[in-house]
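The block underneath contains the structure these notes are about, expressed in structure tokens.
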Amino acid sequence: MKKLSVFTVFSLIPEIGKILCENSTTFGRNTKGDVSMHQHLQWLGPLLGMSLILSTPALAKSPDHEKLIGTWATQGYGAQVLITPCGNAGEQLCGQITWLWTDRDAEGQLLTDDQNPTAHLRDRPLIGTPIFRNFARLRDGRWQGDGMYNPEDGNFYAASLKPRADGTLDVTGCVLGIFCQTQIWRRPHSVCPATTAQATRD
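Below is the structure:
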């Protein structure tokens, strides 16, 4: 039986990250780097571990553009992703990894984008790696673009973003447009303020 890492547990119980942060701000921040690449990216795998196909309505203007800009904690708080304007006139959005709960492998080496199909990018650190680009707002309020990058296998998959009324963000992938899975991303300060401060210092 595969041993569950703290990230696997976080992905199974979305609120446990917040509970642990409230009671022990250093829990899970393993300086020995004993979390594997596969375990570390559990936050992304459930969405991108299979081919995802989403319908593509016509593009529209982006009145909620500002709602998505800024830093988001992934479900389970395995990573933080910074969303910024990009593309034509800044109306599109791009995202990159800016923080990882553990950024080193079992040997203490920085995690890198070693599965990237482009050879010269395989040595770049995962922190700073772009994971989606050119997301534009659709008429139904979702944002969609050139796909979302999964560092675990080096592939792009279809995905969408949609801001929620409570200030969180739905990140969704679907198989054949029918079988869908959604993660809820939150602003870091609403999940774990102390760890947010640590991320700023790191």
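First residue of the sequence shown? That's -10 in my numbering, and the numbers climb one at a time after it. For each residue, glycine too, the CB sits at the ideal point set by N, CA and C. Small disclaimer: the values here were computed from a predicted structure and weren't measured.
Does DSSP classify residue i as helix, strand or coil?
i: residue 77; result: helix
i: residue 95; result: coil
i: residue 100; result: coil
i: residue 110; result: helix
So residue i and residue j are supposed to be a Cβ contact under 8 angstroms. How far apart are they, rounded?
i: residue 134; j: residue 81; result: 7 angstroms
i: residue 153; j: residue 61; result: That pair is no contact at about 12 angstroms.
Note the first and the last residue of the continuous beta strand (DSSP E) segment covering residue i.
i: residue 150; result: 149 to 152
i: residue 122; result: 119 to 126
i: residue 62; result: 59 to 62
i: residue 105; result: That residue, residue 105, is in no beta strand (DSSP E); it is neither H nor E in DSSP.
Just reading off the alpha helix (DSSP H) that residue i is part of, what are its end residues?
i: residue 177; result: 177 to 180
Kindly indicate which residue of the options has the alpha-carbon position closest to the one of residue i.
i: residue 128; options: 145, 157 and 150; result: 150
i: residue 125; options: 148, 65 and 64; result: 148
i: residue 122; options: 178, 70 and 65; result: 70
i: residue 179; options: 113, 101, 161 and 156; result: 156
i: residue 139; options: 102, 132, 96 and 114; result: 102
i: residue 68; options: 115, 130, 111 and 158; result: 115
i: residue 58; options: 98, 74 and 110; result: 74
i: residue 88; options: 104, 107 and 66; result: 66
i: residue 108; options: 159, 90 and 143; result: 143
Which same chain residues end up closer than 6 angstroms to residue i when comparing Cβ atoms and leaving out the 5 residues on each side of it in sequence?
i: residue 84; result: 70, 72, 120 and 121
i: residue 145; result: 136 and 138
Please go through the same chain and pick out, in chain order, the residues whose beta-carbon is closer than 7 angstroms to the beta-carbon of residue i, but skip the five residues on each side of it.
i: residue 112; result: 101
i: residue 99; result: 92, 93 and 114
Output needed for residue i: all residues of its chain with C-beta closer than 8 angstroms, excluding positions within five of it in sequence on either side, in chain order.
i: residue 53; result: 126, 130 and 152
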